[in-house]
Amino acid sequence: DGKTVVAATTDGKRVTRFELPGGRRVANITLPHATGQLFLLRAEGRPLLAAMGAFFQSGRPAGSWIDVFDPSETPFGATRRSISAGREPREGEVTADGTAIFFPDRVSNTATLLRIGDNSDAKQTAVGQSPEAGFLLGNDRWGITINSAARTATVIDLSNMTVSATLMLAGSPTAGATSPDRKTLFVSLGGAAWPPRGSGVAVISGDPPR
Numbered sequence: 340d341g342k343t344v345v346a347a348t349t350d351g352k353r354v355t356r357f358e359l360p361g362g363r364r365v366a367n368i369t370l371p372h373a374t375g376q377l378f379l380l381r382a383e384g385r386p387l388l389a390a391m392g393a394f395f396q397s398g399r400p401a402g403s404w405i406d407v408f409d410p411s412e413t414p415f416g417a418t419r420r421s422i423s424a425g426r427e428p429r430e431g432e433v434t435a436d437g438t439a440i441f442f443p444d445r446v447s448n449t450a451t452l453l454r455i456g457d458n459s460d461a462k463q464t465a466v467g468q469s470p471e472a473g474f475l476l477g478n479d480r481w482g483i484t485i486n487s488a489a490r491t492a493t494v495i496d497l498s499n500m501t502v503s504a505t506l507m508l509a510g511s512p513t514a515g516a517t518s519p520d521r522k523t524l525f526v527s528l529g530g531a532a533w534p535p536r537g538s539g540v541a542v543i544s545g546d547p548p549r
């Protein structure tokens, strides 16, 4: 609405709403699990928030959920409902129409397209080993995961959730970013170690992506 900011805190397990321009905190909700990502959706004819969080036991992932609710309702989070999101979901993106989230799961080596609505629907497909993030290209025709252990990028045709291609990378991918028009994906090849052991950037574009 142009006058609201919503932020999540992992350690506090909180999602907080702030009012602009003054920054006054107007609402809080504490979730049962740590929240790592927030997504703004436009589903069911209204803006919705999706908070992706996970449980850990002895430092290992023990299940993840996406909590969806209308941020404008009182009390904050009154309509919250939880949707299972696998074991260890990683960075994802929202489709241009705001109705779905595309994200990988690092433990199960899968990618999921989760459509949010009155009856949410999730479709999955297998990708390369240790996917770190998921991206959308070509007007949401293509989903791409970058897979650190496999040193690949998996290209998925989202119309039927099938793998279209596996792109070999010159190094282990660390992170990625899409251009504003979502026609190009830039992938950093630094590896998982810190400081990074690799260098360079892979550029993925085209239809189909290559």
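The sequence shown lines up with residues 340 to 549 when you count with the working numbering.
Ideal Cβ placement from N, Cα and C applies to all residues, glycine included.
Determine the extent of the beta strand (DSSP E) in which R490 is found, giving its start and end residues.
Unbroken run through R490: none, as it is neither H nor E.
According to DSSP, residues forming a beta bridge with D444:
P428, T449
Identity of the residue in A382, A492, R521 nearest P410 by Cα
A382
With a CB to CB cut of under 8 angstroms and the five nearest residues on each side skipped, what residues in its chain are close to L563?
Within the shown structure, residues of the chain are numbered from 340 to 549, placing residue 563 beyond reach of any answer.
Assuming L370 contacts A390 (C-beta within less than 8 angstroms), just tell me the rounded distance between them.
7 angstroms
How many angstroms separate the CA atom of D496 from the CA atom of V502?
6 angstroms
Alpha carbon to alpha carbon, how far is F442 from R480? Give it in angstroms, no decimals.
15 angstroms
Best match in V344, K352, R363, I368 for proximity to N379 [C-alpha to C-alpha]
Just to set this straight, residue 379 is Leu in the shown sequence, not Asn. That would be V344, whose Cα lies nearest to the Cα of L379.
Close beta carbons around S423, own chain, < 7 angstroms, minus the five adjacent residues each side
W404
For D520, which of T491, N478, A492 has the nearest alpha-carbon?
N478
Kindly indicate the opening and closing residues of the beta strand (DSSP E) around W404.
399–408
Which residue's Cα is closest to the Cα of D406: G398, F415, P400, R399?
F415
Thinking C-alpha only, which one of A492, I483, P386 is nearest F408?
P386
So for W533, helix, strand or coil by DSSP?
coil
For T418, report the span of its beta strand (DSSP E) as first-last.
Note, T418: premise wrong, no beta strand (DSSP E); not H, not E.
Beta-carbon separation of E430 and Q376 under 8 angstroms?
yes
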